[in-house]
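These notes are about the structure you will find just below.
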Ligand SMILES: NC(=O)c1ccc[n+]([C@@H]2O[C@H](COP(=O)([O-])OP(=O)(O)OC[C@H]3O[C@@H](n4cnc5c(N)ncnc54)[C@H](O)[C@@H]3O)[C@@H](O)[C@H]2O)c1
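See the structure below:
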């Protein structure tokens with residue numbers, strides 16, 4: 114037996130949702146470098162063009178579609194178009210998410226609902242729709258992006274923390290799909306400087322206090338996620354399911 118191709122993603126179709134965001138770009142590059150064919154989706158059409166152009170400059174062609182993950186009809190259309198284009202789906206990674214730091218006593222119910230609709234319901238709809246392609250194939254990898262906030266108490270994020278119930282959701286979906294050769298896992302990043310976190314991190318005192326909770330003494334980088342993403346996307350993780358990999362510099366164990 115040789116393990117040289119353990120991480121090879123050639124002939125694999127990878128759908129990356131939330132692809133226009135700050136965390137996703139490096140993962141897209143990593144997937145492409147390991148041979149995957151990339152299908153990108155996001156609600157932000159300009160951002161999608163930017164990420165597609167960046168990848169094209171590096172020699173990788175992509176297919177992209179606009180989607181609103183909180184809208185089942187929109188996700189159904191994405192999966193229908195993807196099926197027509199590629200005929201299969203091997204990897205689905207969902208980065209799409211929003212945050213709205215607010216003290217608990219000031220969170221409006223409409224805001225709570227919006228965060229849940231995009232982060233949690235969106236992850237569910239995407240996973241369910243992806244399964245409609247993966248089940249007949251009897252193979253597939255689903256990776257949902259959660260957060261350390263789904264594991265530990267961070268202030269001002271009751272709605273966001275609840276939406277990161279994706280970590281609980283992957284455990285139950287993984288058990289149901291285990292006999293179908295479909296692995297479903299999640300990744301929990303720590304604070305990383307992107308559009309999502311720039312408001313919070315723009316306050317130097319807040320930034321210092323956040324870094325003090327990370328034993329490795331720095332914020333995350335989008336590139337930190339790539340190793341775990343390739344592992345969970347490839348046959349290297351064929352016996353790993355229902356897990357959350359914390360890519361957090363030791364934050365949640367300290
Ligand atoms: N940046 C961090 O510090 C951090 C830490 C932990 C977890 N995360 C998680 O990582 C993921 C990516 O975060 P990021 O930092 O790249 O954020 P980001 O704001 O840079 O990107 C999020 C992307 O999601 C897209 N999106 C938002 N609503 C959508 C919808 N309804 N349908 C489709 N796409 C939609 C946005 O257009 C954007 O491109 C999120 O799930 C976030 O919760 C981020």
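Residue numbers (my numbering): 114 to 367.
We put the CB at the ideal spot given by N, CA and C, even for glycine.
These numbers were taken from a predicted model, which means no experiment stands behind them.
Within the chosen limit of 7 angstroms, ligand 1 does not reach the beta carbon of residue 114 with any heavy atom. Scanning 269, 273, 254, 257 for the CA closest to the CA of residue 263 turns up 273.
For residue 205, the uninterrupted beta strand (DSSP E) segment begins and ends at 204 to 207.
By DSSP's assignment, residue 118 forms no beta bridge with any residue. As summarised for the segment 208 to 291, the continuous beta strand (DSSP E) elements at least 3 residues long and confined to that stretch are 253 to 258, given in chain order.
Annotation: the continuous beta strand (DSSP E) that includes residue 359 extends over 357 to 360. At least one heavy atom of ligand 1 falls within 7 angstroms of the beta-carbon of residue 309.
Not one heavy atom of ligand 1 falls within 7 angstroms of the beta-carbon of residue 366. Nearest C-alpha to residue 144 among 361, 116, 342, 234: 342. A distance below 7 angstroms between beta-carbons, with the five flanking residues on each side excluded, links residue 230 to the following residues of its chain, in chain order: 183. In this structure, ligand 1 has no non-hydrogen atom nearer than 7 angstroms to the beta-carbon of residue 199. If the five residues before and after residue 330 are omitted, its C-beta is found closer than 8 angstroms to the C-beta atoms of 324, 362, all from its own chain and listed in chain order.
Beyond the five residues adjoining it in sequence on each side, residue 233 comes within less than 7 angstroms, by CB distance, of 276, 278, 279 in the same chain, given in chain order.
About 6 angstroms separates the beta carbon of residue 137 from that of residue 129, a gap short enough to meet the 8 angstroms contact definition. Burial is judged here by how many other beta carbons sit within 10 angstroms of a residue's own beta carbon; residue 200 has fewer than 16 and is exposed.
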